[in-house]
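Protein chains in written order, with the numbering used here: chain A, 1 to 193; chain B, 194 to 386.
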């Protein structure tokens, strides 16, 4: 193997490694997945995994990064809408799409505080992205009732996206029902097609 | 030390160990907590921890067991109510109480699939307690819309109970708003005091 072919091969291993980690996370949870398991599933040595990532936290961050970046972008774009109604609608639609596009992953990452911390640490620019998300839904200076409803809505959507009870429901149907539930919870009128 | 005092001391260590593990889980997540960290926080050796629990899974199970047992009991008691309305009301009230009584813990345990699996494995008699829970809320043969709403409601309540954004809200206020949100989501009338 020449030096020239090394770079693409390495990039390919990294991509395969992340896809494998994601698959194992979704089956065993982040906690139940070891670097050794990732190496075994890839058919490489643990040393080969270490070449790309020194810790499981680094893998977790790399797997979650695109998801968090898209979430931050959706929140910023939603906040940039003029009317409050449009802000909420933009965020709900974007959030539900994101969850449905990453059904199992969303459930894994929406909750474990260790994982959430690891992600926030790695994405300093993203800052307090969960707080920003809630702020768009709940508005400025929300009362406790509004804050609770916003939290229940977003957390419920994120976890339900990965619920095993709904694994047989197709993406479009799940998207439609999640959006309808969220709108009902937040007292939003139905969108007109 | 005589043999007579050994048993209570051992029992006491086990109780302190579980309380310490719970505290560390809530700060670092289950994933971020090692047996060594638990030993250090207790001021004992790792061997002393091994005397009580061979793996972190066993500790996780022991910490979660009372919570899951109560959840199973609430579900059974709710299912035993005569009217559908009473079943839902009983389950919602019991579930919200349980979450509020275990705010951070509920969030930690409601989501990580590895933790959930470990608990279900240890509590064979509890069977598929999440499915039973959903069944009481959604009723027999629910359509997809009802199933999604039930999932979003229960998952949202469980995670919101431990939300850092709501840490400053006192238990009674949180309980009241969670219950109001759940009733609104499920189209339940307000309970009359």
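Beta carbons: idealized from backbone N, C-alpha and C, even for Gly.
Exposed or buried, what is residue i when buried is set at 16 or more other beta-carbons lying within 10 Å of its beta-carbon?
{"i": "residue 268 (chain B)", "result": "buried"}
{"i": "residue 128 (chain A)", "result": "exposed"}
{"i": "residue 361 (chain B)", "result": "exposed"}
{"i": "residue 334 (chain B)", "result": "exposed"}
{"i": "residue 222 (chain B)", "result": "buried"}
{"i": "residue 324 (chain B)", "result": "exposed"}
{"i": "residue 342 (chain B)", "result": "buried"}
{"i": "residue 224 (chain B)", "result": "buried"}
{"i": "residue 278 (chain B)", "result": "exposed"}
{"i": "residue 273 (chain B)", "result": "exposed"}
{"i": "residue 203 (chain B)", "result": "exposed"}
Contact check, residue i vs residue j under 8 Å by CB: the rounded distance?
{"i": "residue 235 (chain B)", "j": "residue 209 (chain B)", "result": "6 Å"}
{"i": "residue 155 (chain A)", "j": "residue 353 (chain B)", "result": "6 Å"}
{"i": "residue 298 (chain B)", "j": "residue 263 (chain B)", "result": "Not a contact, Cβ separation roughly 12 Å."}
{"i": "residue 232 (chain B)", "j": "residue 238 (chain B)", "result": "6 Å"}
{"i": "residue 346 (chain B)", "j": "residue 373 (chain B)", "result": "The pair is not a contact, with the Cβ atoms about 12 Å apart (cut-off 8 Å)."}
{"i": "residue 359 (chain B)", "j": "residue 151 (chain A)", "result": "6 Å"}
{"i": "residue 96 (chain A)", "j": "residue 175 (chain A)", "result": "6 Å"}
For residue i, I'd like the list of residues in its chain whose CB is within less than 7 Å of its CB, leaving aside the five on either flank, ordered along the chain.
{"i": "residue 14 (chain A)", "result": "52"}
{"i": "residue 296 (chain B)", "result": "354 and 355"}
{"i": "residue 47 (chain A)", "result": "none"}
{"i": "residue 24 (chain A)", "result": "33, 37, 38 and 41"}
{"i": "residue 145 (chain A)", "result": "none"}
{"i": "residue 198 (chain B)", "result": "Caution is warranted here: a pLDDT of 48 is assigned to residue 198 (chain B), below 50, making its placement in the model unreliable, and the coordinate value is therefore given only provisionally. If we look at residue 198 (chain B) and ignore the five residues flanking it on each side, it has no Cβ neighbours."}
Within its chain, find whatever has a CB closer than 8 Å to the CB of residue i; leave out the 5 residues flanking it on each side and keep chain order.
{"i": "residue 88 (chain A)", "result": "78, 136, 137, 186 and 188"}
{"i": "residue 22 (chain A)", "result": "63 and 105"}
{"i": "residue 91 (chain A)", "result": "74, 75, 78, 133, 136 and 137"}
Check the Cβ of residue i against every Cβ in chain B and list those closer than 9 Å, keeping chain order.
{"i": "residue 184 (chain A)", "result": "342, 377, 378 and 380"}
{"i": "residue 166 (chain A)", "result": "337, 340, 341 and 344"}
Taking residue i as the query, report the chain A residues whose CB atoms sit under 9 Å from its CB, ordered along the chain.
{"i": "residue 227 (chain B)", "result": "Those do not exist, as residue 227 (chain B) stays about 11 Å from chain A at its closest Cβ, beyond 9 Å."}
{"i": "residue 266 (chain B)", "result": "The contacting residues do not exist; residue 266 (chain B) stays about 21 Å from chain A at best."}
Within the same chain, show all residues whose beta-carbon is closer than 6 Å to that of residue i, passing over the 5 residues directly before and after it, in chain order.
{"i": "residue 177 (chain A)", "result": "none"}
{"i": "residue 2 (chain A)", "result": "With a pLDDT of 44 at residue 2 (chain A), under the threshold of 50, the modelled position of that residue is not reliable, and no figure is offered here."}
{"i": "residue 340 (chain B)", "result": "331"}
Please compile the residues from chain A whose C-beta is within a distance smaller than 7 Å of the C-beta of residue i.
{"i": "residue 387 (chain B)", "result": "Outside the displayed range of chain B (194 to 386) lies residue 387 (chain B), so it cannot be described from this structure."}
Do three or more CB pairs link the region 211-231 of chain B to the region 252-265 of chain B at distances below 8 Å?
-> yes
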